[in-house]
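Start counting the sequence shown at 1; every next residue gets the next number (the working numbering). Every residue gets a Cβ at the ideal spot worked out from N, C-alpha and C, and that includes glycine. Working notes, beginning with the structure itself.
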Amino acid sequence: MKTDTIAAIATAISDSGIGIIRVSGEDAIPVVHKIYRNKKNEKNLSDYQSHTIHYGFIVENNENLIDEVMVSVMKAPHSYTTEDTVEINCHGGALMMKKILMTVIEAGARLAEPGEFTKRAFLNGRMDLSRAEAVMDMIHAKNQFALRSSVRQLRGAVFDKIKELREKILYEIAFIESALDDPEHISLDGYMEKLSDQVSYLTGELKKLLDSADDGKMLKEGIRTVIVGKPNVGKSSLLNLLVGQDRAIVTDIAGTTRDTLEETVNLGEFTLNIIDTAGIRDTEDVVEKIGVEKAKTISKDADLILYVMDSSVPLDENDADIVRMIKGKKTIILLNKSDLDEVVDKSSVDALFSNICGEDCGVYEVSETEEEKLEDENICMIKISARKNDGLDLLVDLIKKLFFHGQISYDDEVCITSSRHKEALLEALESMNQVRVSLENDMPEDFYSIDLMNAYTSLGRIIGEEVEDDLVNEIFSKFCMGK
């Protein structure tokens, strides 16, 4: 483990009121003392009490004043990294922060790697790996759910649950191994029924965590949403309405949008990662044709399709092509231009989908008075007017019902938001299923022990107790500098 002294700018490198240079390691205090001067110059930094802040100046070459600063001293083990840590609070200009950082490095520190402060906190036992990952999740949170979820994880929600499951698994492993080693004093008579009950409980808990993973990941990272439709139906107007500004060019000329346009829209509790696509139609225009093909490709990976129709224009073969393209996808049909004379209604939309997807492929129309939660509805329809900003609240509410059963929970339930955690949970569940199969087939006891240990190891990877150095390095390399 590296114990040398590291330094980095811990705040954004931009003009701001205050900037912070963080220094951590066994020589952090002596290094900063070399370049720090207070008014009376009466004390060494090491003489100050931990968790105190002091006014002074940063100098170079023992005399040239660089900046007026406040210096915080945090002594081991009561710091973020558990090492001696000093934070220099200086004026926030980018040039100033870089100048002070270089002065710290010249005094004996080295530039920290991305995430190295948090990595040291993990390696020094201050936090488990799930908490460390929550630090970065908190920084990159896109919405209220992601922020609150990362706070719960930082406070140990995931760690506590995984620790509880591992302790129960470890007890069973220890009992089996002890009974095999000392059968005269420890009997396995009747134990298989007890183990079967415990396996059922553990399997159920793992499934609960996994059930939260898809929604949790989607809430954290955003719903991949693709807007499709014929040219000039209001796709770009819808995007501008959701974003809250004119991001897409809107004209009466069909085929204005020729390439994809991506935007992230924060709707408070959740986020949409929206891709506006070229209008889908038969065309001889080479550039527009490329845009149409790109729209079809992108739609395949969408979590949600927003299919915009112009209610004032009859449906045609281009609409049929779109329905074939989005068949099987979770879709909301937006019957746009509801302020104009209606030519397309629910019956004509129903007929279109039934002709292509079959009689069972019905379209569920949602109105402002809709009270019930939707269940397993893949195709819903609402009426909107993007020009008049009418129907947006209904759309947001409908998305929430389709993906999160009408409400987003902020309770204390553990929610899995990491793909890495989900993979480990799946492996643990597979191992527990193998234990169940061994019990059903009356296999020798050491079979149970092997699979239980595999589950124990898989869960250990989530909190960092069963993890390779390469994975640790990969995780922390994704952190920002100075954290």
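Hey, how far is the Cα of residue i from the Cα of residue j?
{"i": "Ile-58", "j": "Ile-463", "result": "40 Å"}
{"i": "Lys-34", "j": "Leu-202", "result": "56 Å"}
{"i": "Leu-242", "j": "Lys-401", "result": "18 Å"}
{"i": "Ser-46", "j": "Met-138", "result": "33 Å"}
{"i": "Ser-14", "j": "Ala-141", "result": "21 Å"}
{"i": "Leu-65", "j": "Thr-81", "result": "30 Å"}
{"i": "Ile-29", "j": "Arg-126", "result": "20 Å"}
{"i": "Ser-72", "j": "Met-97", "result": "16 Å"}
{"i": "Ala-76", "j": "Phe-159", "result": "24 Å"}
{"i": "Pro-314", "j": "Ser-212", "result": "42 Å"}
{"i": "Asn-318", "j": "Lys-337", "result": "19 Å"}
{"i": "Gly-216", "j": "Ser-149", "result": "9 Å"}
{"i": "Ile-9", "j": "Val-151", "result": "23 Å"}
{"i": "Lys-294", "j": "Ala-174", "result": "56 Å"}
{"i": "Thr-103", "j": "Asn-143", "result": "38 Å"}
{"i": "Val-265", "j": "Leu-272", "result": "5 Å"}
{"i": "Lys-346", "j": "Gly-115", "result": "54 Å"}
{"i": "Glu-177", "j": "Arg-461", "result": "23 Å"}
{"i": "Asp-469", "j": "Phe-479", "result": "16 Å"}
Per DSSP, what kind of secondary structure is residue i in: helix, strand or coil?
{"i": "Thr-118", "result": "helix"}
{"i": "Thr-82", "result": "coil"}
{"i": "Tyr-48", "result": "coil"}
{"i": "Asn-240", "result": "helix"}
{"i": "Gly-125", "result": "coil"}
{"i": "His-421", "result": "helix"}
{"i": "Ile-169", "result": "helix"}
{"i": "Leu-111", "result": "strand"}
{"i": "Thr-3", "result": "coil"}
{"i": "Thr-257", "result": "Its pLDDT being 46, under 50, Thr-257 is placed unreliably by the model, and the measurement read from it follows with that caveat. Note: Thr-257 maps to coil in three-state DSSP."}
{"i": "Ile-13", "result": "coil"}
{"i": "Ile-186", "result": "coil"}
{"i": "Val-228", "result": "strand"}
{"i": "Glu-371", "result": "Because the pLDDT at Glu-371 is just 49, under 50, the model does not fix this residue reliably, and the value given afterwards should be weighed accordingly. Note: Glu-371 maps to coil in three-state DSSP."}
{"i": "Arg-155", "result": "coil"}
{"i": "His-91", "result": "strand"}
{"i": "Glu-133", "result": "helix"}
{"i": "Glu-365", "result": "strand"}
{"i": "Leu-491", "result": "A question about residue 491 goes unanswered here, because the residues of the chain that appear run from 1 up to 483."}
{"i": "Leu-340", "result": "coil"}
{"i": "Asn-433", "result": "helix"}
{"i": "Met-96", "result": "helix"}
Got a sec, what are the start and stop residues for the beta strand (DSSP E) residue i sits in?
{"i": "Tyr-55", "result": "52-60"}
{"i": "Ala-7", "result": "6-9"}
{"i": "Tyr-307", "result": "304-310"}
{"i": "Asn-336", "result": "331-336"}
{"i": "Val-73", "result": "64-74"}
{"i": "Met-381", "result": "379-383"}
{"i": "Thr-271", "result": "271-276"}
{"i": "Leu-261", "result": "261-266"}
{"i": "Ile-21", "result": "18-24"}
Write down the C-beta distance between residue i and residue j rounded to the nearest angstrom, noting that I regard them as a contact closer than 8 Å.
{"i": "Ile-298", "j": "Val-226", "result": "6 Å"}
{"i": "Phe-145", "j": "Leu-239", "result": "In fact, because the Cβ distance is near 23 Å, the residues do not count as touching under 8 Å."}
Residue range of the alpha helix (DSSP H) that residue i falls in?
{"i": "Lys-194", "result": "191-221"}
{"i": "Asn-389", "result": "Neither: Asn-389 is in no alpha helix (DSSP H) and is coded neither H nor E."}
{"i": "Arg-461", "result": "445-463"}
{"i": "Asn-473", "result": "469-477"}
{"i": "Glu-317", "result": "317-326"}
{"i": "Ile-416", "result": "Careful: Ile-416 lies outside any alpha helix (DSSP H) and carries neither H nor E."}
{"i": "Leu-352", "result": "346-357"}
{"i": "Ala-28", "result": "28-35"}
Please decide whether residue i counts as near chain B, where near means a Cβ-Cβ distance under 8 Å.
{"i": "Leu-65", "result": "Protein chain content of the structure displayed is limited to a single chain, and chain B is not contained in it."}
* the segment 446-463 touching the segment 79-86, judged by at least three CB pairs closer than 8 Å -> no
* Should the segment 221-238 be regarded as contacting the segment 93-110, the criterion being three or more beta carbon pairs within less than 8 Å? -> no
* Asked: Are at least three pairs of beta-carbons, each pair with one atom in the segment 202-211 and one in the segment 260-278, less than 8 Å apart?
  -> no
* If you pair each beta-carbon of the segment 191-199 with each one of the segment 431-439, do three or more pairs fall below 8 Å? -> yes
* To do: Check whether the segment 176-193 touches the segment 440-450, counting contact only when three or more Cβ pairs, one atom from each stretch, lie closer than 8 Å.
  => yes
* Asked: Are at least three pairs of beta-carbons, each pair with one atom in the segment 380-399 and one in the segment 164-180, less than 8 Å apart?
  -> no
* Asked: For the segment 326-343 against the segment 423-431, are there 3 or more C-beta pairs whose distance is under 8 Å?
  -> no
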